[in-house]
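At position 152 of the sequence shown (counting the first as 1) the number is 1133 in this note's numbering, and the numbers step up by one without a gap.
Remarks on the structure that follows.
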Amino acid sequence: MKDAAPQTVYLRDYNPFGWRIEDVSLTFKLAPEATRVTSRIRFAPNPDAPAQDFFLHGEDVTLLRASIDGAEVTPEITPQGLRCAVPDGAFTWEAEVEIAPASNTALEGLYMSGGMYCTQCEAEGFRKITYYPDRPDVMATFTVRIESDMPVLLSNGNPAGSGDGWAEWHDPWPKPAYLFALVAGDLRNHPDRFTTRSGRDVELNIWVRPGDEGKCAWGMEALKKSMTWDEDVYGREYDLDVFNIVAVDDFNMGAMENKGLNIFNSAAVLASPETATDANFERIESIIAHEYFHNWTGNRITCRDWFQLCLKEGLTVFRDQQFTSDLRSAAVKRIEDVAQLRARQFPEDQGPLSHPVRPESFQEINNFYTATVYEKGAEVIGMLKRLVGDEAYAKALDLYFDRHDGDAATIEDWLQVFEDATGRDLSQFKRWYSQAGTPRLSIHEDWQDGTYTLTFTQVTKPTPGQPDKAPQVIPIAVGLLSPNGDEVVPTRMLEMTEGRQSFAFEGLSARPVPSILRGFSAPVVLDREVPAEERAFLLAHDTDPFNRWESSRSLAREALLAMIRDGAAPDLAWIDALGRVLRDDTLDPAFRALMLGLPSQSELAQVLHEKGATPDPDAIYVATEAMADALAQRFEPMLDALAEQARVDAPYAPDAEQSGKRALGGAALALRSRLDGGEAAQAQFEAADNMTLQLSALTCLIRAGAADLALGVFHDQWQDDRLVMDKWFGLQVAAAGPAEAAAVAERLTRHPAFDWKNPNRFRAVLGALAMNHAGFHRKDGAGYRLLADWLIKLDPLNPQTTARMCSAFQTWWRYDSDRQALMKAELERIAARDGLSRDTAEMIGRILS
Ligand SMILES: [Zn+2]
């Protein structure tokens, strides 16, 4: 069990480790219940560190022997590690430990998945493998020997030799222990090669379980595209002779960027047209890119300590977003990213889990792999680029790579590079890293004698531990349109630095219509009452695709709020304006599909709360359904033509063009199913030759209450494919009505294929329940109870996944007092368990605070 009184770690307490490591050599003798790990580490005193005891992290490892310079020593062992007297100068530490990968269900350190050995060390998993200074600022070269009768034995770096029952690897690049990886198993590879622009010939492999070889081609293409893109756009080349990717079924996260040996959740790499949707393909492409890009932003330049996590994650998410924008549609990508940010990061930033992009304290770092660190972290990089311009950004990045290659760096180092490259003072900008919460911008307009003045006021509400907020630097992209729809002032980047600030546009012949926060130039909320006619005008005329989408989205939101609060009828003016967009064949089908999407029910609950109302999940559900019915009826004449878009007359390809057409066709089919009881969906289901069409049809059938047959057919067709069966499980819960969702989820947890120890399967059912807004928030608390029951069951086995899923309860404060009481009771029931993990205890403590 973990320690009962968890320690809080503070950024301000940082101190360097007292020793440097010259090199590490590890030998693994693999056995499921008793793996022996021998380590030989050359330590030398670190002259930059204060005096300290020699302490090595180590958890759940049994020390068999230890020696210093060949002489046996007896260290003092604690639950967190060991302490030992050491010589004044350099010395060689040797230790042998025993670990049990087969009983490691937390999936941190060395564990087993489907008969193979694999590792996950970020953030603090290496200490479950052997005693070591398990902190990112201790970097060393590693030599690894693996002894096992498994046919494939992999570790970081380049192969250094192999024979019957053993293999050796050497990684010449100094790295922190969190980037260590080892894989041993009966694996098949999908091989390829890549030549870097300086001529290095790199062997590429994707390693999978036998039977999955046919699902690797897309991941391999994505890898090669990523390697080329990083050379072209950032001037970054790959630096080893081999790059290996391994697919693992049991994995807490999406994927991990271990040096030269990326380990992926199989859901984030395996794809074929028959088994993966267009959305899966796009996600795989971006995750492969993300992990590959870490080779420079994360591995060559790593983080000094875990408070700096956004240094590698914010930047790398930003880079993978740029990559997808370049390969696909920049406008569609921006809209999707902002929708994600609002769905995942805004609720976090506006509730009890709010924390700065660079947190200042934590108990369990695993709880800070959050939307704020990743997605808001990426928004901060985007703002920086917008403020300094593309050229200066490129110059600053070159300087960053030159200056910090091989370093464990900080946010201060990162910002210093921009100050040196551009001459700008970024001390105020730095607040984006230290100040939590989403700034809200209110706007006052003035029109006089040809001068149009916009006055902005910024306010950020108090967040936990931060009652007072200072003004932030906010880049506000604004364009102005004339009343006849022409753009009279093209996009201009206003730089707001004060709490209240005005910007004037002179020499205008008529009062303009403003298009504010184009491209979502900053992660803020705009508080601006805009007449519906003005939004409809922007929906029709704005040259900025993001704001065009935003206008429609705002109109939809206003219409839904009126339906929820006042029982109003659906807004036909908006629906007709939307209809003109849908009929416009000059517009990208993917963009039109996004325009058809309604605001999420969770977003509506948040807006209602902000407006002082208590959100009723049932009323929100009813209004959303009524709106979708109204869209279906109004658009009926064009639905068949739109649905026809999905039948692409070419071999299947998950590219932007084809997937955009299928997305629009799928959205039309969903509306069609509201009118025909699922008849067209049934036909599409039967004719489908790819997963995108099959799954979109099945979703429609479930919603139409006509899926009994199709669900059985789908199950029989795919019961041997774990990733497709995750979809089968998840979809039934996601598409269930509010009255049934909890019961459907409960029934599925009794299905023989519900392997709850597998994080993907657990999330497919319980994660889908948490995302089904009205179903999870069922008035009698059945949704809350079911989730809490399962979190209690999972916590002793897998604290990391349990703690993350507790965030389903993070918005408890916005609902009525009955639901609040029910949610708090479940949280308290979880918190009261004996031996609750540090991860889960911290999350519940923060959610209830
Ligand atoms: Zn990452």
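Each residue gets a CB set at the ideal place from its N, CA and C atoms; glycine is no exception.
For residue i, name the three-state secondary structure that DSSP assigns.
i, result
"D984", "Any reading at D984 must be qualified, since the residue scores a pLDDT of 46, below 50, and its modelled position is unreliable; no value is offered."
"T1353", "helix"
"A1769", "helix"
"M1474", "strand"
"D1301", "helix"
"K1774", "helix"
"T1209", "helix"
"L1007", "strand"
"W1287", "helix"
"N1671", "coil"
"V1629", "coil"
"C1787", "helix"
"P1495", "strand"
"Y991", "strand"
"D1799", "helix"
"W1737", "coil"
"S922", "The requested residue 922 is not part of the displayed model; the chain covers only 982 to 1830."
"F971", "Because the chain spans 982 through 1830 in this model, residue 971 falls outside it and cannot be assessed."
"A1458", "strand"
"E1294", "helix"
"Q1179", "Sequence inspection shows Ser at residue 1179; the Gln mentioned does not correspond to that position. In the structure shown, S1179 sits in coil (DSSP, three-state: anything other than H, G, I, E or B)."
Going by the CB atoms, is the gap between residue j and residue i shorter than 8 Å?
i, j, result
"L1135", "V1164", "yes"
"M1120", "P1157", "yes"
"V1440", "L1462", "no"
"E1823", "N1348", "yes"
"D1115", "R1126", "no"
"D1167", "P1140", "no"
"E1202", "R1178", "no"
"V1319", "V1338", "no"
"R1684", "S1654", "yes"
"E1294", "L992", "no"
"L1292", "W1395", "yes"
"N1741", "L1088", "no"
"E1079", "A1025", "no"
"R1169", "P1191", "yes"
"R1819", "E1345", "yes"
"R1300", "G1500", "no"
"F1743", "L1750", "no"
Which residues in the same chain have their Cβ closer than 7 Å to the Cβ of residue i, if we skip the five residues on either side of it in sequence?
i, result
"A1030", "N996, P997, F998, G999"
"A1503", "M1364, I1455, P1456, I1457"
"M1706", "W1699, Q1700, A1734"
"K983", "Here the model assigns K983 a pLDDT of 41, short of 50, so the residue's position is not dependable, and the following value carries that caveat. For K983, where only same-chain residues beyond five positions count, the Cβ hits under 7 Å are S1818, R1819."
Which residue's Cα is closest to the Cα of residue i: the options?
i, options, result
"G1446", "Y1350, V1505, L1334, D1523", "L1334"
"I1773", "L1817, W1188, E1514, L1308", "L1817"
"T1595", "E1617, V1511, R1546", "R1546"
"P1526", "V1505, L1498, T1821", "L1498"
"H1385", "Q1587, V1506, G1279", "G1279"
"L1045", "R1017, T989, A1032, P1026", "R1017"
"S1850", "F1123, P1117, T1122, G1144", "Missing from the structure shown is residue 1850; the chain here goes from 982 to 1830 and no further."
"L1568", "D1610, D1599, S1535, A1521", "A1521"
"V1361", "A1624, Y1414, F1399, D1566", "Y1414"
"N1671", "A1373, R1643, V1694, P1191", "R1643"
"Q1271", "T1403, A1722, G1200", "The question names Gln, but residue 1271 is His in the sequence shown. For H1271, the nearest C-alpha among the options comes from G1200."
"E1721", "G1686, W1147, D1697", "G1686"
"E1317", "R1534, Q1101, A1375", "R1534"
Going along the chain, which residues of its own chain have a beta-carbon closer than 6 Å to the beta-carbon of residue i, five neighbours each way excluded?
i, result
"A1485", "T1432, T1434"
"D1523", "S1496, R1529"
"F1710", "L1729, A1745, V1746"
"L1682", "G1659, A1662, A1688, A1691"
"E1040", "R1108, K1109"
Is there at least one Cβ from chain C nearer than 8 Å to residue i's Cβ?
i, result
"Y1113", "As a matter of chain content, chain C is missing from the structure shown, which is built from one protein chain."
Among the residues of its own chain, which have a CB less than 8 Å from the CB of residue i, if the five just before and after it don't count?
i, result
"W1277", "D1211, Y1215, R1217, F1382"
"G1560", "R1615, F1616, M1619"
"A1517", "S1532, L1536, A1554, W1555, A1558"
Going residue by residue through the region 1377–1453, where are the continuous alpha helix (DSSP H) segments of at least 4 residues, counting only ones entirely within it?
1392–1403, 1412–1415
Runs of beta strand (DSSP E) lying entirely within the region 1087–1174, each at least 3 residues, in chain order:
1090–1094, 1097–1101, 1121–1128, 1133–1136, 1139–1144, 1147–1156, 1163–1166
Which residue spans inside the region 1003–1062 form an unbroken beta strand (DSSP E) run of at least 3?
1016–1026, 1035–1038, 1043–1049, 1057–1059
Just to confirm the assignment: which complete alpha helix (DSSP H) runs, minimum length 4, are found wholly within the region 1556–1589?
1570–1577
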